[in-house]
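S.K.: Structure below; questions to follow.
Residue numbers (our numbering): 174 to 446.
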């Protein structure tokens, strides 16, 4: 089974104002988790940004003033191990359009080890080249979301066509490890993954650092957290104790500690959001 069909990242209740997600075309589904857009009304003040929780993904983010004029801010967000804030919102109304890449999905486009971008935000042109500046301006001038989707997918498909074919397919050991992680919903050890792929734990670490941008142990923890978050959304009648037990936690304190590590708050805060 294709690994991208086995994992659906979520931010839980922590999404920006007027947030929406859009699915990629079939040719990009192995690389792009979704496109997303948001619009901030603006209050005239510099408001704090939404906290982003780890999901194993990386994002290419375009932001501009809603009333037109000014530069388009372009940032590439690497994979984060902990919750983070991407910085203050622009003053006044603003619009954002972004590409959220599936874990490891950005590698075929940029061909640079994703571990180099871990836990950091970068200027988009420094990672993706000057062509994204032109794309950003076209996105700003587009008539709406439908046109932006066409523009960004055309650009991504063009980049794929020009990329080294060796970047497209993940090494078999990495692909197998990803399938096992998603099937186990993150509840699998690095040793089990290494044995199943017939490689050493050190080799597995190098594969994940280069292609995913996170170590396998951390990535497993994030996948488990993401599945917990998704279960809490889909099954509100379940207690946290039931959810914790389903993911192999033997004591509540351990579960709360792990959840707080990735969410920044205790599990009960999710229900109050």
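Ideal placement from N, C-alpha and C gives every residue a C-beta, glycine not left out.
Measure the Cβ-Cβ separation of residue 204 and residue 284 and say whether it is below 8 Å.
M.R.: no
S.K.: Using three-state DSSP, classify residue 524 as helix, strand or coil.
M.R.: The requested residue 524 does not occur in the structure, where the chain is confined to residues 174 to 446.
S.K.: With which residues is residue 246 paired in a DSSP beta bridge?
M.R.: Answer is 236, bridged to residue 246.
S.K.: Are residue 225 and residue 259 closer than 8 Å when you measure CB to CB?
M.R.: yes
S.K.: Specify, as a first and last residue, the run of the alpha helix (DSSP H) that residue 392 falls within.
M.R.: 389-407
S.K.: Could you check if residue 405 is buried or exposed, using at least 16 other CB atoms within 10 Å of its CB as the buried criterion?
M.R.: Classification for residue 405: buried.
S.K.: Tell me, which residues are paired with residue 294 by DSSP?
M.R.: 250
S.K.: Give the DSSP bridge partners of residue 208, in chain order.
M.R.: Residue 208 is bridged to 195, 272.
S.K.: Select from 418, 423, 422, 413 the residue whose C-alpha is nearest the C-alpha of residue 440.
M.R.: Of the candidates 418, 423, 422, 413, the one whose C-alpha sits nearest the C-alpha of residue 440 is 413.
S.K.: Please report the distance separating the alpha-carbon of residue 183 from that of residue 407.
M.R.: Using only the alpha carbons, I get a separation of about 12 Å.
S.K.: Just the C-alpha distance for residue 379 and residue 241, rounded to the nearest angstrom, thanks.
M.R.: 44 Å
S.K.: Give the secondary structure of residue 225 by DSSP, where H, G and I count as helix, E and B as strand, and everything else as coil.
M.R.: In this structure, residue 225 counts as strand in the three-state DSSP scheme.
S.K.: Kindly indicate the opening and closing residues of the alpha helix (DSSP H) around residue 415.
M.R.: It spans 413-419 - the alpha helix (DSSP H) in which residue 415 sits, taken as one unbroken run.
S.K.: Per DSSP, what kind of secondary structure is residue 213 in: helix, strand or coil?
M.R.: strand
S.K.: Does DSSP classify residue 258 as helix, strand or coil?
M.R.: coil
S.K.: Quick one: grab the DSSP three-state call for residue 267.
M.R.: In the structure shown, residue 267 falls within a strand segment according to DSSP collapsed to helix, strand and coil.
S.K.: If you draw a straight line from the alpha carbon of residue 372 to that of residue 428, how long is it in whole angstroms?
M.R.: 30 Å
S.K.: Are residue 332 and residue 282 touching if we call contact CB-CB under 8 Å?
M.R.: yes
S.K.: In chain order, what residues of the same chain have a beta carbon less than 6 Å from the beta carbon of residue 431, not counting five sequence neighbours either side?
M.R.: none
S.K.: Measure how close the beta-carbons of residue 209 and residue 306 come, nearest whole angstrom, since I'm counting them as under 8 Å.
M.R.: Incorrect: roughly 20 Å between the Cβ atoms, too far for contact.
S.K.: Assuming residue 351 is part of the alpha helix (DSSP H), what are its boundary residues?
M.R.: 345-356
S.K.: Nearest to residue 438 by CA position, among 255, 341, 393, 390, is which residue?
M.R.: 255
S.K.: Mapping DSSP to helix, strand and coil, what is residue 360?
M.R.: coil
S.K.: Quick one: what's residue 231 bridged to in DSSP?
M.R.: 274
S.K.: For my contact list, residue 392 and residue 312 are in at a C-beta cut-off of 8 Å; report their separation, rounded to the angstrom.
M.R.: 30 Å between Cβ atoms; not a contact.
S.K.: Please report the residue range of the alpha helix (DSSP H) in which residue 431 lies.
M.R.: 425-436
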